[in-house]
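Everything on this sheet refers to the single structure shown next.
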Amino acid sequence: MALPDSTQNPAKFIAAHLSNCTNLSELNQIHAYIIRTHMLALYPDPFHWNNILRSYTRLESPSTALYVFTAMSREGVMPDSYTVPIVLKAVSQVFDLELGRQVHSVAIKHGLEANEFCESGFISLYSKAGEFEHARKVFENKGIRKLGSWNAIIGGLSQGGRAKEAITMFMELKKCGLKPDDVTMVTVTSACGGLGDLGLALQLHKCVFQARSFEKPDILMLNSLIDIFIARIINDDMENQLADWACFVLLT
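If you want it as structure tokens, here you go:
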């Protein structure tokens, strides 16, 4: 890799290279340069550690990302609200629940567990591991919940085969006065597919089109509706199929 000249700030130079890095070989060279020049000792801000963590996670090298996080902790650099979600992504990539619990303890220690992005990350981690009670506990511990946390718990329940609970949580979201976004609606429509309830899926689909204006329909959501319709073709009579298809066309 090219080296920074005397007029360039080394930290900014490295940050730019990390952002533009496209392969592990190049990233390893940059990381080696950082270690060799003791750059992180000169610039100990978590921002620079986060850039390295993010790059290794983005290039699907979670084990190295976790090694960097361990080194960060040993150097006494405290994680921030950006560090924890990145580390949780690496933990999810290696699917190490016990390590995830340790990261959760670190987040609590540093007062980061209530951050929206950290909270969403822990909910997703526990849900993927099938520990829905832990996921719910994280979700319910926060008094004021933002949409990201709702999406995490609804998505975790839906992907974990708990479609009814996912839809119930969606109804609770609506009662709280929050407006669902594309992520919410795709997840809930998918949950409806798990139940085979086209009527409910169409109602939800109509709901999002009434709440927002789209230049074009959301492809993932429409695909979910098509999956439900195909299931109905197999299991229902032709009259209901035609009625459902008519509703689908009108809504899209």
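So for the sequence shown, our numbering puts the first residue at 537; every next one is plus one.
In this text, a Cβ means the ideal position worked out from N, Cα and C, and glycines have one as well.
Owing to the predicted nature of the structure, the values given are computational and were not obtained by experimental measurement.
Which of helix, strand or coil DSSP assigns to residue i
i, result
"serine 617", "coil"
"serine 694", "helix"
"alanine 650", "coil"
"arginine 681", "coil"
"glutamate 669", "helix"
"serine 597", "coil"
"histidine 574", "coil"
"aspartate 718", "helix"
"cysteine 557", "coil"
"proline 580", "coil"
CB of residue i within 9 Å of CB of residue j, strictly
i, j, result
"methionine 608", "threonine 619", "yes"
"cysteine 654", "leucine 595", "no"
"alanine 547", "threonine 593", "no"
"valine 604", "isoleucine 588", "yes"
"serine 597", "leucine 560", "yes"
"glutamate 652", "serine 694", "no"
"leucine 687", "valine 719", "Note that residue 687 is asparagine in the sequence shown here, rather than leucine. Their beta carbons are under 9 Å apart, which means asparagine 687 touches valine 719 by this criterion."
"phenylalanine 668", "arginine 698", "yes"
"serine 591", "leucine 624", "no"
"alanine 665", "phenylalanine 631", "yes"
"isoleucine 550", "isoleucine 570", "yes"
Contact belief for residue i with residue j at Cβ below 8 Å, rounded distance in angstroms
i, j, result
"isoleucine 659", "isoleucine 689", "5 Å"
"leucine 648", "proline 615", "7 Å"
"serine 726", "glycine 696", "So it is not a contact: roughly 12 Å between Cβ atoms."
"leucine 683", "leucine 714", "6 Å"
"alanine 643", "lysine 678", "In fact, because the Cβ distance is near 13 Å, the residues do not count as touching under 8 Å."
Buried versus exposed call for residue i [16 or more other C-beta atoms within 10 Å across all chains shown]
i, result
"histidine 553", "buried"
"histidine 567", "buried"
"serine 555", "exposed"
"serine 656", "buried"
"cysteine 712", "exposed"
"asparagine 545", "exposed"
"histidine 584", "buried"
Residue i beta carbon near the ligand SAH (any heavy atom closer than 8 Å)
i, result
"glycine 697", "The ligand content of the structure shown is nil, which means the ligand SAH is not present either."
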